[in-house]
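Protein chains in written order, with our numbering: chain A, 121 to 406; chain B, 82 to 356. This report refers to the structure that appears directly beneath it.
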Ligand SMILES: Nc1ncnc2c1ncn2[C@@H]1O[C@H](COP(=O)(O)OP(=O)(O)OP(=O)(O)O)[C@@H](O)[C@H]1O
Ligand SMILES: [Mg+2]
């Protein structure tokens, strides 16, 4: 009985992957778009065709957009999250337990639409104020994403730092090292695999987040040239367009291809996390 | 207040200097009225003890009697424990380590600590030994190499690991790890070595090696070691102190204390009448 449940879930996941893959690959197998032009083309307008009759299907702007907002948001989150985790674990554990953890858990529970709304009404005007333009763009998207992935990342880094054995810290104190030296040279290096895992999971979350990003990034499928001009990500194009394009059309197939890229990327993130975990174990035992 | 307590306190025969804190030649470290409380609970009643240079002092007593607590005071490791209160004086080089202005980091460099469980950092063997010197001084690669080799040689580990200094310190056996930890402590060149049951996690052969090492280190260090192993105390120590229920009961030359204990409680403990 339980075996049936497990088999059901496995079958479900596998069929999901097959579904996305079959639709996503149709662009290349049925509609005759070359994979190379799909991932390197910079013009995205599947309704129109160029002189040779091939639709404009360059996904590079969205791929770049997704990577840029992901990397930027995580780059903003990482130092702050490490700083917070050090403070909460090493300096003020009481504060961490009573105030910080509940607050970040609350942050994690806020639905993404709310983040999008706040971004739209607060962040976008502020960015417009100091950078000019519309205020929509990569920077706004990254900031909103940063707020969204922060709780996950900080909780994982917290756990990683708290898991460093007390005896390592004592060993360092016993050699006459200060708390700061101990954190920098013993605690952080020991927690590194956990910190890497945290950041990769944060990136996976940022990469896949759709709604909030879509609300503030401006949704213009053009190569991102500045932090302040509207751009698009794989997810934002999917959410804005999917409802409008009929099943089986070339445009619809192209959207499935974007979804396939997303899926593959998330699998890659999971793989990286696995590899880090294994590397950490090898180092611990050997 | 202190003066009244002195009467009840066991007075260490080697305590020579009057409370002026000056270091005499036969004293490396001296505590005076040293007491510890965890929160409200007193863990160590005020006690006096003097540690002579180039000797091994063994601290014995039943579990929970405050040996570790006492040992951890001596290099102020207790400062890292919240609500642990230490009273009295610890005289080291004519200064009171418990006085407000004392630099704990300097003190811990001079009074090193080896723990019960070997605790090498998850770094290479080389980096483990080089850890302390790197934090405290700016050293050239050659100077570091020299310190690492000297420290590892001192604990007899160099020949065993010289081809794999890049290997993780965690990859060594338990006995090797403990010697690595001792080498790591020696690398910052301490005068006093505190060891809290350094062999309790080791097999008999490694234990023998570490005991030999203690004797060897005592040529130019003051060694203070907590042990549950009476034979070990007899083998390695010059002086032995017996703690019981948070109190220093008796301290004296090891041979004397084991053959003619002055106190009834010491007698009972040594003859195994309570554990
Ligand atoms: N961090 C702490 N907080 C509160 N009480 C403590 C703490 N550490 C030790 N104690 C208490 O102090 C007393 C002495 O403990 P200590 O660890 O010094 O004993 P010990 O003689 O080293 O015992 P063992 O031989 O088992 O290591 C015990 O009653 C213990 O419960
Ligand atoms: Mg102990």
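No residue lacks a Cβ here, since even glycine has one placed at the ideal position from N, Cα and C. Every value quoted in this text rests on a predicted model; they were computed, and no experiment measured them.
Check: residue i C-beta below 6 Å from any heavy atom of ligand 1
i, result
"residue 124 (chain B)", "yes"
"residue 305 (chain B)", "no"
"residue 148 (chain B)", "yes"
"residue 119 (chain B)", "yes"
"residue 162 (chain B)", "yes"
"residue 145 (chain B)", "yes"
Among the options, the one whose alpha carbon lies nearest that of residue i
i, options, result
"residue 206 (chain A)", "A:152, A:357, A:280", "A:280"
"residue 315 (chain A)", "A:273, A:295, A:359", "A:273"
"residue 322 (chain B)", "B:316, B:306, B:312", "B:306"
"residue 248 (chain B)", "B:281, B:226, B:208, B:216", "B:208"
"residue 197 (chain B)", "A:352, A:124, A:291", "A:291"
"residue 373 (chain A)", "A:191, A:139, A:146, A:220", "A:146"
"residue 327 (chain A)", "A:238, A:285, A:266", "A:266"
"residue 164 (chain B)", "B:200, B:120, B:192, B:171", "B:120"
"residue 177 (chain B)", "B:110, B:122, B:222, B:218", "B:110"
"residue 186 (chain B)", "B:175, B:218, B:157, B:246", "B:157"
"residue 277 (chain B)", "B:174, B:138, B:127, B:184", "B:138"
"residue 149 (chain B)", "B:116, B:303, B:133", "B:116"
"residue 300 (chain B)", "B:274, B:281, B:327", "B:274"
"residue 141 (chain B)", "B:345, B:341, B:312", "B:312"
Residues near residue i in its chain [Cβ-Cβ closer than 7 Å; skip 5 each side]
i, result
"residue 118 (chain B)", "124, 166"
"residue 338 (chain A)", "254, 256, 257, 350, 351"
"residue 347 (chain A)", "257, 258, 259"
Status (buried if at least 16 other CB within 10 Å, exposed otherwise) for residue i
i, result
"residue 128 (chain A)", "exposed"
"residue 170 (chain A)", "exposed"
"residue 167 (chain A)", "exposed"
"residue 212 (chain A)", "exposed"
"residue 244 (chain B)", "exposed"
"residue 219 (chain A)", "exposed"
"residue 390 (chain A)", "exposed"
"residue 200 (chain A)", "exposed"
"residue 103 (chain B)", "Because the pLDDT at residue 103 (chain B) is just 44, under 50, the model does not fix this residue reliably, and the point stays unresolved."
"residue 126 (chain B)", "buried"
Whole-angstrom distance between residue j and residue i, CA atom to CA atom
i, j, result
"residue 310 (chain A)", "residue 203 (chain B)", "6 Å"
"residue 297 (chain A)", "residue 190 (chain B)", "8 Å"
"residue 330 (chain A)", "residue 224 (chain B)", "56 Å"
"residue 176 (chain A)", "residue 198 (chain A)", "37 Å"
"residue 232 (chain A)", "residue 223 (chain A)", "17 Å"
"residue 352 (chain B)", "residue 317 (chain A)", "56 Å"
"residue 344 (chain A)", "residue 185 (chain A)", "6 Å"
"residue 349 (chain A)", "residue 261 (chain A)", "11 Å"
"residue 215 (chain A)", "residue 221 (chain A)", "9 Å"
"residue 234 (chain A)", "residue 332 (chain A)", "8 Å"
"residue 290 (chain B)", "residue 256 (chain B)", "8 Å"
"residue 161 (chain B)", "residue 299 (chain A)", "10 Å"
"residue 192 (chain A)", "residue 195 (chain B)", "45 Å"
"residue 347 (chain B)", "residue 253 (chain B)", "39 Å"
"residue 356 (chain A)", "residue 141 (chain A)", "20 Å"
"residue 226 (chain B)", "residue 220 (chain B)", "10 Å"
"residue 135 (chain A)", "residue 194 (chain A)", "32 Å"
"residue 113 (chain B)", "residue 128 (chain B)", "6 Å"
Sequence-distant residues of the same chain with beta carbon closer than 6 Å to residue i, five excluded per side
i, result
"residue 268 (chain B)", "210, 213, 214, 228, 232"
"residue 183 (chain A)", "none"
Neighbourhood of residue i by C-beta, 8 Å cutoff - its chain only, sequence neighbours within 5 removed
i, result
"residue 236 (chain B)", "260, 261, 263, 264, 267, 294"
"residue 124 (chain A)", "none"
"residue 284 (chain A)", "306, 307, 310, 311"
Residue i beta carbon near ligand 2 (any heavy atom closer than 6 Å)
i, result
"residue 287 (chain A)", "no"
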